[in-house]
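Take the sequence shown: its letters are residues 130 to 269, numbered as in my numbering. Even for Gly, the Cβ is constructed at its ideal location relative to N, Cα and C. In this text, all values refer to a predicted model and were calculated from it rather than measured experimentally. Right, one structure below, let's go through it.
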Amino acid sequence: MRNYELAYLISPDLNEEDAKQFQNRITSQIQEEGGILGEGNLFLKRRLAYPVKKQLQAYLVSTTFQLNPEKLASFEKKLKAESQILRYIFVIKRKYKIGPPRRRPITPTVEKSPEKPRKEEKKVELGDIEKKLDEILKEE
Numbered sequence: 130m131r132n133y134e135l136a137y138l139i140s141p142d143l144n145e146e147d148a149k150q151f152q153n154r155i156t157s158q159i160q161e162e163g164g165i166l167g168e169g170n171l172f173l174k175r176r177l178a179y180p181v182k183k184q185l186q187a188y189l190v191s192t193t194f195q196l197n198p199e200k201l202a203s204f205e206k207k208l209k210a211e212s213q214i215l216r217y218i219f220v221i222k223r224k225y226k227i228g229p230p231r232r233r234p235i236t237p238t239v240e241k242s243p244e245k246p247r248k249e250e251k252k253v254e255l256g257d258i259e260k261k262l263d264e265i266l267k268e269e
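Written out as structure tokens, the structure reads:
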């Protein structure tokens, strides 16, 4: 079973009692499909930001439930058959693990060893290099 949230708009032509009965009918259809209702139910009358099927107001209903994914298609067919629903959407609700926040592992910092004093290298003169090259070339 998966967790779902169904949000839908009911036509404002119904009065509030009829709209609540319509909501109960939808929840009973969920149960007929073998679904388990969740805790979160929302029922509000709202002014819409833009017209939906030529309506500027609607009842906004949100219901959470659990249902097998195979039965979701048949339930959606029942929703499409309802003329009072202006628009609907299913959202898959994921279970979140509640616990302490994840922290990034701390990478150990490499401490820089104190710099060793460099031995002063003797500067070699160009003349010394030429002498050494002559010696090497004469040996061959």
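Residue interval of the beta strand (DSSP E) (run including L185): 184 to 196
Whether Y133 touches I214 by CB criterion (9 Å): no
Per DSSP, cross-strand counterpart(s) of K222: N132
T156 and L171 closer than 9 Å at C-beta: no
Beta carbon of L196 nearer than 9 Å to that of E146: no
Cβ contact check for the stretch 177 to 190 and the stretch 200 to 219: 3 or more pairs under 8 Å: yes
8 Å CB neighbourhood of R175 in its chain, flanking five on each side removed: Q186, A187, Y188, L189
Inter-residue CB distance, I221 and R131 (contact presumed, cutoff 8 Å): 6 Å
DSSP bridge partner residues for K174 (one or two, in chain order): Y188
Beta carbon of L143 nearer than 9 Å to that of T192: no
DSSP beta-bridge partners of Y217: Y137
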